[in-house]
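To convert a position in the sequence shown, counted from 1, into the numbering used here, add 5.
Each remark here refers to the structure printed beneath this line.
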Amino acid sequence: MPPSCPPSNPPQQRAKSACQLYCRYCHNNVCTRGMRALLLADNRIELFSTDMPPMVKIQLVGTDYTTRSCRCKIRNVACLGCGNEIGYHITQPCPECLKACNNGHFWMFLTESVYPEEIRDTTPGPVPPWPSLQPELEVDEFNTSVAINYRDAVCR
């Protein structure tokens, strides 16, 4: 029997502010819509995550691997600005993890490799919370909006 999940947009998710993420090594903007998260396998580990594949800013590197905690297939990601590995992408979630409570974010960034800047709304008031932000187009190195076919970028 799958675990019971809290209702969508639980209070802890509603309270999280969205942020842009920057590579600690070269200061390249690697994610335009991220949030703080905890690793499902070990809630003591903090990282950043996003549900938007930031394919213009980062590149999958190496081959898929698995960890001891589950059978998810994972591949490291590197910053296109400097080549340093800054996180990982869950290329194929395992059935157990798909059944568990999760936020659907399959792009993870390591806190030691990126730093956040909160996204500020131009209207007066607090920082906009995560669920209120709409996905934006990624911008390439020529400052051109790039429409990404997210299904093709994530699914194989």
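Where is the CB? At the ideal position from N, CA and C, for every residue including glycine.
{"Item": "C-alpha distance - residue 83 paired with residue 101, whole-angstrom precision", "Value": "27 Å"}
{"Item": "Every unbroken beta strand (DSSP E) within the stretch 38-106, with a cutoff of 3 residues, ordered by chain", "Value": "47-55, 63-70, 78-84, 90-97"}
{"Item": "Environment of residue 23 [buried if 16+ CB atoms lie within 10 Å]", "Value": "buried"}
{"Item": "Residue 39 beta carbon less than 8 Å from that of residue 53", "Value": "yes"}
{"Item": "Boundaries (first-last residue) of the beta strand (DSSP E) holding residue 123", "Value": "119-123"}
{"Item": "First through last residue of the beta strand (DSSP E) which encompasses residue 114", "Value": "112-115"}
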